[in-house]
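Have a look at the structure below before the remarks.
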Amino acid sequence: MPALTPDTIRAATDTLARLFAYLREGPDPRQARALVEPLLDQHPHLPVMLGDALHALAGTAPTDPLTTRTAEQEQAAQRAHDYLAYRLPEMYDSINARRDRECCRCR
1 MPALTPDTIR AATDTLARLF AYLREGPDPR QARALVEPLL DQHPHLPVML GDALHALAGT
61 APTDPLTTRT AEQEQAAQRA HDYLAYRLPE MYDSINARRD RECCRCR
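Here the sequence shown is numbered in the UniProt record's numbering, starting from 1 and rising by one per residue.
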């Protein structure tokens, strides 16, 4: 793997920015998929990787305890949100199944 330099990172960032701009223009779905497939095939966890990179960068900056505490609270809230968003269809189906079992008077 070649050494990372600000120029290589800048080139990758510029390419991603151009891709995002193109996708926002509402291109033909087949063309959009063809452009995005290599990216997702090679790095299916790209959002996580970008988040890890930002987290690692944040670790290099000095912070005060209040900032750390606030970040931890935000992260916990995001995890709760992700969990609920993942489980929401399951919970919704469970509630509907209970309603279907109850008689009309019980509703």
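Ideal placement from N, C-alpha and C gives every residue a C-beta, glycine not left out.
If you're wondering where the values come from, they're calculated on a predicted model, not measured in any experiment.
Residue 45: first and last residue of the uninterrupted alpha helix (DSSP H) it sits in: Residue 45 -> no alpha helix (DSSP H), and no H or E assigned at all.
Contact belief for residue 46 with residue 39 at Cβ below 8 angstroms, rounded distance in angstroms: 7 angstroms
Three-way DSSP call (helix, strand, coil) for residue 51 in this model: Here residue 51 sits in helix by DSSP.
Supposed contact pair residue 12 and residue 23 - C-beta distance, whole angstroms, cut 8 angstroms: With 8 angstroms as the limit, residue 23 and residue 12 do not qualify as a contact, their Cβ atoms being about 17 angstroms apart.
Backbone secondary structure at residue 84 - three-state DSSP: DSSP places residue 84 in the helix class (H, G or I) of the three-state scheme.
Residue interval of the alpha helix (DSSP H) (run including residue 13): 6-24
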